Amino acid sequence: DEHDIPTLYTDAVLELMRGMRANINELVDQVDPAHTEAMQLGLAHSMSRFRLRFGADSVDTMIVQAVSLLDDVEKELNHYGMRVREWYGWHFPELSKHISDPQGYAKACLAIGIRPETTNMTPECLDGVCTPEIAEK
């Protein structure tokens, strides 16, 4: 409009431009295919950075994703805690009655080991894992 040059912008023109871009290596002999690919990759990266930088909801989206990730991690930890209680319950079913905290239960399982290894175990082995009253039991 500024230079009074008539232009045509239709779907056919877009399709023609797309075809020229796709076949530029065959249409122009002086164009190196590696150079063309590098330019396309650089343009794609630049556009992606622009979209990420100027996305109005990007900060909100990141916060929502972080909260969702924390929920997923908490769910997985609870799931693994239940599996530890289920499987370790075969060795020491009474331990689940004394330690309700999943993290404390896992620490106690690591400290105790399996039943054959507990013959020479003393309550001091569980220092820092559970209370002395529970360690005595």
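All residue numbers for the sequence shown refer to my numbering, where the first residue is 1 and numbers rise by one. Quick reminder that beta carbons are idealized off the backbone N, C-alpha and C, glycines included. Just so it is clear, the structure is predicted and the values come from calculations on it, not from any experiment.
Inter-residue CB distance, residue i and residue j (contact presumed, cutoff 8 Å)
{"i": "cysteine 109", "j": "tyrosine 80", "result": "Rounded, the Cβ-Cβ distance is 12 Å, inconsistent with contact."}
{"i": "leucine 27", "j": "methionine 20", "result": "7 Å"}
Through-space distance from residue j to residue i, alpha-carbon basis
{"i": "arginine 83", "j": "isoleucine 112", "result": "17 Å"}
{"i": "glutamate 94", "j": "serine 100", "result": "11 Å"}
{"i": "leucine 77", "j": "lysine 107", "result": "14 Å"}
{"i": "serine 17", "j": "threonine 36", "result": "Checking the sequence, you will find methionine at residue 17 rather than serine. Using only the alpha carbons, I get a separation of about 15 Å."}
{"i": "glycine 42", "j": "serine 48", "result": "10 Å"}
{"i": "aspartate 60", "j": "proline 6", "result": "44 Å"}
{"i": "glutamine 40", "j": "serine 46", "result": "10 Å"}
{"i": "glutamate 74", "j": "glutamine 30", "result": "58 Å"}
{"i": "alanine 66", "j": "leucine 52", "result": "17 Å"}
{"i": "histidine 3", "j": "aspartate 71", "result": "58 Å"}
{"i": "leucine 8", "j": "alanine 44", "result": "26 Å"}
Test item: CB-CB of residue i and residue j under 7 Å
{"i": "proline 33", "j": "asparagine 23", "result": "no"}
{"i": "isoleucine 114", "j": "histidine 91", "result": "yes"}
{"i": "arginine 85", "j": "serine 96", "result": "yes"}
Per-residue DSSP class, three states only, for residue i
{"i": "aspartate 32", "result": "coil"}
{"i": "asparagine 25", "result": "helix"}
{"i": "histidine 3", "result": "coil"}
{"i": "glycine 113", "result": "coil"}
{"i": "leucine 52", "result": "helix"}
{"i": "leucine 8", "result": "coil"}
Residue i Cβ short of 6 Å to the ligand GTP heavy atom set
{"i": "lysine 107", "result": "Ligands are entirely absent from the displayed structure, and the ligand GTP is therefore not among its contents."}
What are the complete alpha helix (DSSP H) segments, minimum 4 residues, inside the region 55-106? For the region 55-106, whole alpha helix (DSSP H) runs of length 4 or above, ordered along the chain, are 58-88 and 95-98.
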